[in-house]
Amino acid sequence: MSHEAFLLTLSVPPSLEEVMVDYLLSLEWRQGFTSFPANVHDHNQQGLSLAEQVAGHQRKIRFQMYVERQNISALLTKLKADFAGSGLHYWLVPALEQGVI
Numbered sequence: 000m001s002h003e004a005f006l007l008t009l010s011v012p013p014s015l016e017e018v019m020v021d022y023l024l025s026l027e028w029r030q031g032f033t034s035f036p037a038n039v040h041d042h043n044q045q046g047l048s049l050a051e052q053v054a055g056h057q058r059k060i061r062f063q064m065y066v067e068r069q070n071i072s073a074l075l076t077k078l079k080a081d082f083a084g085s086g087l088h089y090w091l092v093p094a095l096e097q098g099v100i
């Protein structure tokens, strides 16, 4: 099965929320995106504040958007260059189907 669209998920520090919103809105080919708060739970507590260690999670903002195959490489290259060292995490999975009901 050849996948023509993928779901890109970005997990960013709250301090970058507005920057990422502006960044994604500036993409010419965008199809829209979703953002929402997320609590990240991880056994690796390196870099967590004392409050985050006590709470057992770190607050992040999660962004999700559909990306067509032809835009993936350029987008990831640009994100890696523009957000190097920012703590941004991402994953990309095939979108099996999308639509409006």
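Under numbering that gives the first Met the number 0, the first residue of the sequence shown carries the number 0, and numbering increases by one thereafter. All C-beta atoms in this analysis are idealised placements derived from N, C-alpha and C, irrespective of residue type, glycine included. Model, not experiment: these values are computed from the prediction.
Below 8 Å on the Cβ atoms is my guess for F62 versus F32; work out the distance and round it to an integer in Å.
6 Å
State the Cα-Cα distance for the pair A80 and A73, rounded to the nearest angstrom.
11 Å
Here's a check: name, in chain order, each residue in its chain whose Cβ is nearer than 8 Å to the Cβ of I71, leaving out the five neighbours to either side.
F5, L7, L91
Let me know if Q30 comes out buried or exposed under the rule of 16 or more other beta-carbons within 10 Å of its beta-carbon.
Q30 is exposed by the Cβ-count criterion.
State yes or no: is the C-beta of L15 within less than 9 Å of the C-beta of L78?
no
Identify the continuous beta strand (DSSP E) that holds S34 and give its terminal residues.
33-39
Consult DSSP for E27 and reduce its assignment to one of helix, strand or coil.
coil
How many angstroms separate the CA atom of I60 from the CA atom of V39?
10 Å
Report the CB separation of M64 from L23 in whole angstroms; it is logged as a contact under 8 Å.
7 Å
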